Amino acid sequence: MDSFLAEIRIFAGNFAPRFWEFCNGQLWSISQNEALFSILGTIYGGDGRTTFALPDLRSRVPVCTGTGTGLNNVPLGSSYGSESVVLTVDHLPSHTHSVSATVAPLCNSGSPEDSDNPQGNFLSSTSPNDYFANSANAQMGESPVSVTIEPAEGKYFPIDIRQPSLGLNYIICTSGIYPSRT
C-alpha cells in the first residue's frame, strides 16, 4: 500500500521505517522538503523561511479538528489539556455538616449522676468552675457546653487525570504520494 505524504500512523516499533519520521516536532529544512512543507506549512512550528516543524505528538492524543456539538473549537495544530489538576475548596460545591451532641451531668468521679446535692459534682465543661460548688445549695453558673467542628484541612496535591494509555509511536510519511485536493 502506498502512503500519502504527511499521512500519520501509529507504529509499534522502536524505529521509524524508511520514508517515515517520528512525530516529535523536529525542525526540517524547507528547501530540502518543499513538497512536505507545502502541506504542513508552519502549522506545527518553524520560521517559514528556512524551517518548518513536524507535528509533535509526544505524550499527546490526536483529536479531530473543528467544533463538535456542545464542544470547544479545536484548530489544526493546537495543543491543549493537562496531565493533572489541583483541586481546591473552590472546586467543591457549597455544603453544610450537621452535628448533634448530648451532654450528660457528670460527677467528679466521671460517672453519670442525678443528685440533689451539687457539692463535689460538676457538669462537663471546658471551665469546670461554672458547674461545681464547694458547699451545698450554692448558686452555680449557667454556661453552655459548646461543640466546634473545624473544617477539614487537606493538602493540595495534583490529581492525575490521564486516561489509561499505552505508549506507541506516531510516524509521519515524509516521502510518498502527494495528496490531491478535492
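Per this note's numbering, the very first residue in the sequence shown carries number 4; after that it's consecutive.
Ideal Cβ positions, reconstructed from N, Cα and C, are used throughout, including at glycine.
Bear in mind that the values here come from a model prediction, so they are computed numbers and not experimental data.
Annotation: the continuous alpha helix (DSSP H) that includes residue 42 extends over 37 to 43.
Contact check for residue 161 and residue 87: beta-carbon distance about 4 angstroms, within the 8 angstroms limit, so the pair qualifies.
Residue 85 and residue 69 have their C-alpha atoms spaced approximately 20 angstroms apart. A Cβ-Cβ contact shorter than 8 angstroms links residue 39 with residue 9.
Residue 92 carries a helical assignment under DSSP once its states are collapsed to helix, strand and coil. With a cutoff of 8 angstroms on beta-carbon distance, residue 79 and residue 54 are scored as not near each other. The three-state secondary structure of residue 53, taken from DSSP, is coil. In this structure, residue 179 sits near residue 22, with a CB-CB distance shorter than 8 angstroms.
When secondary structure is reduced to three states using DSSP, residue 161 falls in the strand class. Residue environment for residue 177: buried (at least 16 other C-beta atoms within 10 angstroms of its C-beta). The DSSP-derived three-state label of residue 59 is strand.
Assignment of beta-bridge partners to residue 12 by DSSP yields 174.
Taking 8 angstroms as the cut-off, the Cβ atoms of residue 11 and residue 164 do not count as close. Residues 53, 54 of the same chain have their beta carbon placed closer than 8 angstroms to that of residue 32, with the five preceding and five following residues left out of the count.
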